[in-house]
Amino acid sequence: LSFSRPSAAAGEEVTLQHLIEQAVALLSPEAERAGVQLNCNIDGDVILPGSLSAAVTEILSNLILNGIQATPSGGRVAVSGAVAQDAPPAVLKITITDEGAGISVELRERIFEPFFTTKQRGTGLGLTIIKRRLTEIGGTIDIESPVSHGHGTRMTITAPLYGNR
Numbered sequence: 044l045s046f047s048r049p050s051a052a053a054g055e056e057v058t059l060q061h062l063i064e065q066a067v068a069l070l071s072p073e074a075e076r077a078g079v080q081l082n083c084n085i086d087g088d089v090i091l092p093g094s095l096s097a098a099v100t101e102i103l104s105n106l107i108l109n110g111i112q113a114t115p116s117g118g119r120v121a122v123s124g125a126v127a128q129d130a131p132p133a134v135l136k137i138t139i140t141d142e143g144a145g146i147s148v149e150l151r152e153r154i155f156e157p158f159f160t161t162k163q164r165g166t167g168l169g170l171t172i173i174k175r176r177l178t179e180i181g182g183t184i185d186i187e188s189p190v191s192h193g194h195g196t197r198m199t200i201t202a203p204l205y206g207n208r
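Here the sequence shown is numbered in our numbering, starting from 44 and rising by one per residue.
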């Protein structure tokens, strides 16, 4: 349903740690039902501007949920976040890594298409929403799959911390 709704203009200013912990807490019951462990690693205590926090919250929730749904019971989904400030502009970098079957090259070409899904009960809108939100904030998403021993997927989101939208 959020695909049809206009994007929120701005959220509140919050720390990256708070956003990630909030998304993980929201999805913890889903992870527990699936027998999947959620791990977080947040580097630093960076404050995100309100214009970025609403988009990042929606992106995180969708990607973590996808990771949980892709990971078999007993597996884990790792979420890490950091801000690279070595050279201007500062860049937000969030990585979600799951232990699922992975995403083939053929599927990677289609997963951002509206209504495309490989799930029995999927809507095919989650990754479409993510892509739209990333475009709005000047961000990108990179997909690495398989990650380890022929399985797993790592999705890395990067977005300018301020401006460049």
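Where a beta carbon is used, it is the ideal one built from N, C-alpha and C, also for glycine. Predicted, not measured: the structure shown is a model, and the values here were computed from it.
For the candidate residues GLY78, VAL120, ASN105, LEU59, whose alpha-carbon lies nearest to that of LEU91?
-> LEU59
Can you tell me whether ASP129 is buried or exposed, with buried defined as 16 or more other CB within 10 angstroms of its CB?
-> exposed
If we count the other Cβ atoms within 10 Å of its Cβ and call it buried at 16 or more, is LEU204 buried or exposed?
-> buried
Cβ atoms of ASP141 and GLY193: under 8 angstroms apart, would you say?
-> no
Among the residues of its own chain, which have a CB less than 8 angstroms from the CB of GLY145, if the five just before and after it don't count?
-> SER188, PRO189, VAL190, GLY193, HIS194, GLY195, THR196
Spatial neighbours of ARG153 within its chain, please: CB distance less than 8 angstroms, with the 5 preceding and 5 following residues excluded, ordered by chain position.
-> PHE159
Using beta-carbon positions only, say whether ALA127 and ALA133 come within less than 8 angstroms of one another.
-> yes
Give me the Cα-Cα distance between THR100 and ARG76, rounded to the nearest whole angstrom.
-> 22 angstroms
Selected residue, minimal CA-CA separation from GLY167, among ASN109, ALA68, GLU55 | ASN109
Looking only at its own chain, which residues have a Cβ that is under 7 angstroms from the Cβ of CYS83, when we skip the five neighbours before and after it?
-> ILE63, GLU64, VAL67, VAL122
Can THR100 be considered in contact with the ligand SAM, in the sense that its beta carbon sits closer than 7 angstroms to one or more heavy atoms?
-> Because no ligand of any kind appears in the structure shown, any question about the ligand SAM cannot be addressed here.
Where ALA125 falls: helix, strand or coil (DSSP) | strand
Should SER116 go down as buried or exposed, given a rule of 16 or more other Cβ atoms within 10 Å for buried?
-> exposed
Spatially closest choice to SER104 from ILE173, GLY181, GLU179, by CA coordinates = ILE173
Euclidean distance between Cα positions of GLN163 and PRO131 = 44 angstroms
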